[in-house]
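Novice: Just so you know, our numbering puts 182 at position 44 of the sequence shown, and the rest follows in order with no gaps.
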Amino acid sequence: MKKDMENCNFCKIINKEKKANIVYENDLVCCFLSEEPINEGHMLIVPKKHCLDLDQIDDEIAIEIMKISKIMVRVLKDTYKLDGYSIMQNGGTFNNAGHYHMHLFPRYKGDGFSWSYGEENSNTLEIVSNKIQQQLKEYIVK
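1. Do you know how far the Cα of residue 176 is from the Cα of residue 234?
2. Going by the CB atoms, is the gap between residue 210 and residue 146 shorter than 8 Å?
3. Tell me whether the region 260-280 and the region 213-222 touch, counting them as touching only if at least three CB pairs, one residue from each stretch, are closer than 8 Å.
4. Which value, in whole angstroms, describes the spacing of the CA atoms of residue 204 and residue 253?
5. On the premise that residue 229 lies in contact with residue 192, defined as a C-beta separation below 8 Å, what is that separation, rounded to the nearest angstrom?
6. Which of the three DSSP states, helix, strand or coil, is assigned to residue 163?
7. Spell out the partners DSSP gives residue 241 in its beta bridges.
8. For the alpha helix (DSSP H) containing residue 148, name the first residue and the last one.
9. Just how far apart, CA to CA, sit residue 188 and residue 207?
10. Determine the closest residue to residue 157 out of 240, 223, 173, with distance taken between C-alpha atoms.
11. Suppose you measure from the CA of residue 241 to the CA of residue 221; what does that come to, to the nearest Å?
12. For residue 171, name the three-state secondary structure that DSSP assigns.
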């Protein structure tokens, strides 16, 4: 983990070893503008504690990320005449930064941003739902 932190650009930003446009930070999170924005105002909300995926984040930090995302949504709404916003996060292999981060960016009608969909799966929603519910039993204490 220490080696990951030494090579992590987000850790370098948090530790002020790399320049970034930080818009907010506290003891738990750091928010800075994306260097490759989808739209103006696109920001990343990052835990200061190095971790790769959502399931590695302490509950206190996860709650703080959501609290700050709510505040930042209000800030974007007040700053831009946006039609909406998107929040997204990529995990595992698809987290190309090597440090958990949540994207928050303004959206506009006709902005061209869209999801790409995988091939259609033969499983019905009911089968998928049952699979997930079965696995969920291992994580939820009743």
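Idealized CB from N, CA, C, for every residue including glycine.
Specialist: Concretely, from the data shown:
1. Translated into positions along the sequence shown, residue 234 becomes position 96. Translated into positions along the sequence shown, residue 176 becomes position 38. Straight-line Cα distance between these residues: approximately 16 Å.
2. Position 8 of the sequence shown holds residue 146. Position 72 of the sequence shown holds residue 210. Cβ distance not < 8 Å, so residue 146 and residue 210 don't count as in contact.
3. Cβ pair count under 8 Å is below three, so no.
4. In the sequence shown, residue 204 corresponds to position 66, counting from 1. In the sequence shown, residue 253 corresponds to position 115, counting from 1. Using only the alpha carbons, I get a separation of about 22 Å.
5. Residue 192 sits at position 54 when you count from the first residue of the sequence shown. Residue 229 sits at position 91 when you count from the first residue of the sequence shown. The pair is a contact, with the Cβ atoms about 6 Å apart (cut-off 8 Å).
6. Numbered from its first residue, the sequence shown carries residue 163 at position 25. Of the three classes helix, strand and coil, the one that applies to residue 163 here is strand, per DSSP.
7. Reading the sequence shown from its first residue, position 103 is the one you call residue 241. Note: residue 241 sits in a beta bridge opposite 182, 226.
8. Along the sequence shown, read from residue 1 onward, the residue named residue 148 stands at position 10. Looking at the DSSP string, the run of the alpha helix (DSSP H) that includes residue 148 is 147-152.
9. Counted from its first residue, the sequence shown places residue 188 at position 50. Counted from its first residue, the sequence shown places residue 207 at position 69. C-alpha separation (whole angstroms): 19 Å.
10. Here residue 157 corresponds to residue number 19 of the sequence shown, with the count starting at 1. For residue 157, the closest C-alpha among the options 240, 223, 173 is that of 173.
11. As a working mapping, residue 241 is identified with position 103 in the sequence shown. As a working mapping, residue 221 is identified with position 83 in the sequence shown. When rounded, the distance between both Cα atoms is 17 Å.
12. Residue numbering aside, residue 171 sits at position 33 when the sequence shown is read from its first letter. In this structure, DSSP gives residue 171 an extended state, which the three-state scheme calls strand.
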